[in-house]
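Visitor:
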Amino acid sequence: MEHNVTLKDRSSLVVSGVEHIYSFSDKKVEVRTCVGEMVIEGEGLDMSKLSLDENIISIDGTINSIVYSKERKPQESFFKKVFK
Numbered sequence: 110m111e112h113n114v115t116l117k118d119r120s121s122l123v124v125s126g127v128e129h130i131y132s133f134s135d136k137k138v139e140v141r142t143c144v145g146e147m148v149i150e151g152e153g154l155d156m157s158k159l160s161l162d163e164n165i166i167s168i169d170g171t172i173n174s175i176v177y178s179k180e181r182k183p184q185e186s187f188f189k190k191v192f193k
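Each residue of the sequence shown is one higher than the last, beginning at 110 in our numbering.
1. The beta strand (DSSP E) with residue 129 in it runs from where to where?
2. Measuring alpha carbon to alpha carbon, tell me which of 170, 120 and 128 ends up nearest residue 160.
3. Exposed or buried, what is residue 138 when buried is set at 16 or more other beta-carbons lying within 10 Å of its beta-carbon?
4. DSSP on residue 164, reduced to helix/strand/coil?
5. Which of the three DSSP states, helix, strand or coil, is assigned to residue 179?
6. Going by DSSP in three states, residue 136 sits in which element: helix, strand or coil?
7. Please report the distance separating the alpha-carbon of residue 172 from that of residue 111.
8. Taking the straight line between their C-alpha atoms, what separation do you get for residue 113 and residue 126?
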């Protein structure tokens with residue numbers, strides 16, 4: 110699977126190689142790509158296209174940052190945190 114990131118004028122972002130979308134809000138998008146985790150932050154973010162067949166996501170809005178990170182750690186449950 111190929112991974113590409115295309116950003117036009119900080120207002121239109123296309124990411125290929127997307128395997129999973131963890132969360133999406135108007136300020137933050139968290140996805141897993143074929144090359145690692147990616148966090149996109151901005152304002153007024155809107156998913157204009159999602160193609161699961163092509164593994165592509167398109168996002169419109171003001172893009173402030175695109176950051177790759179290590180793999181997400183599994184979230185501990187609320188009860189595990191309380192009863193440590």
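Ideal Cβ placement from N, Cα and C applies to all residues, glycine included.
Just so we're clear, the structure is a prediction, and the values are computed from it rather than from any experiment.
Guide: According to the data block:
1. 127 to 133
2. 128
3. buried
4. coil
5. coil
6. coil
7. 22 Å
8. 7 Å
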